[in-house]
Each structure stands twice: as C-alpha cells, then as structure tokens.
Amino acid sequence: MSNYLPDEVVRAILYRLPAKSLIRFRCVSKSWNSLITSSTFIDSHLTQSLSHPSNSNKLIFRHYDITAKVEHYKFIHNDPSFDQYHQNVEFPLASCFRLIGSVNGLFCLIQDEQFILWNPCIRKFITLPRDYDHVLYHSVFGFDARTNDYKVVRIAYSYTPKPLLVEVYFLKEGSWRRKASAAASLLPRISHDIRCRRVAFINGAVHFGVRDCVNTPRLKVCPSVLSFDLSDEVFHMTALPKFRAKTDYDIFGFRGSLAVVYIELVDNKRCCFIWVMKECGVVKSWTKLFTINLSGEFRRVLGFQKNDHIFMQAGLGKNERLCSYDPQSQQLKNLGFYGWQSNACAVYYVENLVLLDKPVLFDKQNGELSN
C-alpha cells in the first residue's frame, strides 16, 4: 500500500480523516480504493468519528417548500451562537419524500411505498426492494450496534383484531425478513395511533405511539409507546403520561431517554408539556421536565439541542421560522430560517462512508435506478 509506511499506520491515519477527503483519496491507488470502500473500513471510520463529540456537532434541517414543491436540506453547526451555518445540502430526488428517520448521517426516506436510504456526505442513495405488503403501517429507521447494521422496521396494522405484521430490512443483507413471533404477546390488543406524529430511535430501540386496548368491560384504550429492540428483536410496551384523549403528541430522544411532547389548552392558554422517562421501561419514572407557555405564533417542537435548548417552529405561512428556546431563562432566539413548513425537522448528523460499498441497485418493478 505504501513504500514508506506500514499498512497499519496508513489505515490508522485514514481512519481519522474526514469522509469527504477519503472520497477523493480513492483515486490515489487501487489498494487505497479497495481499503476505503471495504465494509470493515467503513465501520471502523464511523466508530472513530462517533468517538469525537466535535464530529457529531452538526444538524441537518429539512423542510418542504410548498410553492416550489421541492425538499430543502441545510447543515447547521450545533453551537449556542449559531454563527456558522447555512450550508445547503443537495437533495438527489426531484419530488417530495417523507423522512422516516436518520441515524449517524444516513437518512431513510419514503414515497409511494418506495423506501430510499440516502447518504448526503457521499451523495449516494439506494432504493430498497418492495418485498412487503401494502397495508397501514409505522416505519422506523435505526441502527443495531451489536451487528453494525442499519435496519428499517415496518409494523403493519389492521383496524380489525388481526396479528401485527413485523418486517425488518437488513442493509448488510439487502433484504426484508418477517418477524412473525416478535409481536405475538401483544396480539391483538394494539393498533396504530394517528395522534403520534413522530417516532424515535433511542438506545438501540425504535419507539412509536400505539393504542393499547386493555380488555375491560368498557374496553379501555390507553395511549402507549411500543418499543422494538433491534438487537434482540423483542417488543416492550410502556404507558404514556396521562393527557387529553384527542391531543396530538410527538416522541423524541432527550439526553438518551424517551421523551413525549404535546400541547394542550390550560386556562385558555396553549401550553407545551415535555415529559421524560428517567428509567427505561419504568412507567412511574415519567417526569414532567418543562412546561412552556406558548404565544399564538408558536406551533410545535422540532427537537433538542445538546445544551437542552429546544428547537421550535413559529409563525404561519411565509413568516414561519425556526427558533431556539431556552427553558431556563425562557428566552427565544430567532435562528434566521424562514418559510419552514409543518413537516420541518431537525436531526443530528455525522459525516460517514455508509453505502460506499453498496452496488447500484435497480428496482425491476418500477424501473428506478439508484445512483
């Protein structure tokens, strides 16, 4: 590989370089290209990047421009001042895709039942095969640290008491698998909760909102979080804090814990409540972390900064904007992003080489080609 340095020294140096530099260095030699595009190197480079907090200090903000009918993505440095930001990210697809989730800088998107995995750092995306049924479902994207594999999970529901259908896509295998026994203990008691607008990947498990139908004379329905462990492939059910039956809510990760966010009217004033589960799976550990009095222009929470400030969406129409709210000082900062729509979101981002070792995939059913 080199006439001057041992191979292991070269590898140790390359592990520490930015992903975008490594993309260029593939042309140095065939041996460098072979090394950089190997799955072992890609995994080790990601591990090295995640071990340095400064490498994960970026966020990607996403919104959809209704007028132009175009997705927009922007890089932002996640620091209190927000002095460095406004780097546009080129989106490879012409139409609007719904964001399922993002882990370590890899994005999962969907439109018209077509799943896509996209890595903006290396400007590559692949389409996933459509080996699944077209029924009502939740989709969640996560990472299995035990196997170093990215997984897409589909939980298919029915409005009738039929078994859940659990399907998992394994990126390393490039295929879907059905997990018939995974949800057997929960059948047929749960159903999709349309009030939950956002799902989350936290600590190796995917979490989403469901309606838990408790078998009582009046068939009590309890809003709950259904969690699926990506390594053990088992489900866990956790009841949510009590709030009004018709309230919409979102699920987030906060300091590595499960959080639920919802807005209710209290004395004719809109208030945002943020609860955090202090102990994983322990219902009694739900703790009300913040109560935020909202003015008429505030719409919803988009995410959390590392300093515990809260990304919020404010305004309407062309005046919609992204703000940062400090719950301790109750101060609001306008971040200068305008025209954000209701499906805006903020996710952490790490530059990586994931998908670099994947071939160009062709969807025979729809004639779609990945780059």
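Those letters in the sequence shown? Residues 1 to 371, by UniProt numbering.
Where a beta carbon is used, it is the ideal one built from N, C-alpha and C, also for glycine.
Below 8 angstroms, too few C-beta pairs join the segment 274 to 285 and the segment 312 to 325 to call them touching: fewer than three. Rounded to whole angstroms, residue 254 and residue 304 show a C-alpha spacing of 7 angstroms. In the displayed model, residue 324 falls within a strand according to three-state DSSP.
A Cβ-Cβ distance of about 4 angstroms is found for the pair residue 150 and residue 171, placing them in contact under the 8 angstroms criterion. With a beta-carbon spacing of about 6 angstroms, residue 18 and residue 351 fall inside the 8 angstroms limit used to define contacts.
Burial is judged here by how many other beta carbons sit within 10 angstroms of a residue's own beta carbon; residue 116 has at least 16 and is buried. Closest in alpha carbon position to residue 230, among 243, 202, 49, 252, is 202.
Under the three-state reduction of DSSP, residue 144 is assigned to strand. Close CB contacts of residue 200 within its chain, under the 6 angstroms cut and outside five residues either way in sequence, are with 207, 251, 252, 253 (chain order).
Annotation for residue 40: the continuous alpha helix (DSSP H) segment containing it runs 39 to 50.
Taking C-beta atoms as the reference points, residue 238 and residue 257 fail to come closer than 9 angstroms.
Under the three-state reduction of DSSP output, residue 24 falls in the helix class. In this structure, residue 89 lies near residue 60, with their beta-carbon atoms less than 9 angstroms apart. If you check the CB distance, residue 140 and residue 152 come in under 9 angstroms. A straight line joining the alpha-carbon of residue 249 with that of residue 51 spans about 33 angstroms. The beta carbons of residue 76 and residue 335 sit closer together than 9 angstroms. The continuous alpha helix (DSSP H) containing residue 8 extends over residues 7 to 15.
One Cα belongs to residue 281, the other to residue 9, and the distance between them is close to 45 angstroms.
Here the C-alpha atom of residue 44 lies approximately 40 angstroms from the C-alpha atom of residue 241. The three-state reading of DSSP puts residue 122 in coil, since its state is none of H, G, I, E or B. Judged by beta-carbon spacing, residue 35 lies within the 9 angstroms limit of residue 14, meaning their Cβ atoms are closer than that value.
Residue 98 is positioned such that its CB atom lies closer than 9 angstroms to that of residue 111. Of the residues 209, 289, 319, the one whose Cα lies closest to the Cα of residue 155 is 209.
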